[in-house]
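Structure first, commentary second.
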Amino acid sequence: KVSVCQELRDDLKLNGREKRGRAFVEMGSVASQTLQGLKSEVHSFFRALKKSTYLLEASIPEIDDQGAMVSSTETWDGLVSWTIQSDEDVVKSFGLADDFYSANEDKLKR
Numbered sequence: 020k021v022s023v024c025q026e027l028r029d030d031l032k033l034n035g036r037e038k039r040g041r042a043f044v045e046m047g048s049v050a051s052q053t054l055q056g057l058k059s060e061v062h063s064f065f066r067a068l069k070k071s072t073y074l075l076e077a078s079i080p081e082i083d084d085q086g087a088m089v090s091s092t093e094t095w096d097g098l099v100s101w102t103i104q105s106d107e108d109v110v111k112s113f114g115l116a117d118d119f120y121s122a123n124e125d126k127l128k129r
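One gets this note's numbering by counting positions in the sequence shown from 1 and adding 19 to each.
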């Protein structure tokens, strides 16, 4: 899930699809393996973004008591995240996400 802070949403005048920020990237695709592929995928979804004018960060969601994934984007301060600046960062991020979902599959609401 792609999250965009409220200030950026307001500045960019994102459309409804962009505000909801759900872009799906298939494991094994170029976007899950290279920085350029991921940037292309993000740019094709968020058309309001100008190329190379944004910073990519990743974080792992939390799971609430009902088994739903929750994002802590309401409190950007204290959010544990890392910057994606290289192909290695992309691979690491998708690997960590895959490990998270595998480890928590029994807790997740379907």
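For glycine and all other residues, C-beta sits at the position ideal for the given N, C-alpha and C.
It should be emphasised that the depicted structure is a prediction, and the values quoted were computed from it without experimental measurement.
Proximity winner among the options, relative to residue i (alpha-carbon distances)
i, options, result
"V89", "G47, K126, H62 and M46", "K126"
"D106", "F43, F119 and L75", "L75"
"A42", "Q55, T53 and H62", "H62"
Start and end residues, alpha helix (DSSP H) containing residue i
i, result
"A42", "Unbroken run through A42: none, as it is neither H nor E."
"L54", "L54 to F64"
"E76", "Premise fails: E76 lies in the beta strand (DSSP E), L75 to A77, not in any alpha helix (DSSP H)."
"G114", "D106 to A122"
Pairwise C-alpha distance: residue j and residue i
i, j, result
"L57", "Q104", "11 Å"
"G114", "Q55", "17 Å"
Residues near residue i in its chain [Cβ-Cβ closer than 8 Å; skip 5 each side]
i, result
"K128", "Q85, G86 and A87"
"D117", "M46"
Start-to-end residues for the beta strand (DSSP E) that takes in residue i
i, result
"T102", "W101 to I103"
Same chain, Cβ closer than 7 Å to residue i, neighbours up to 5 away in sequence not counted
i, result
"D83", "V89"
Local Cβ density within 10 Å of residue i, reported as buried at 16 or more and exposed below that
i, result
"S100", "exposed"
"S112", "buried"
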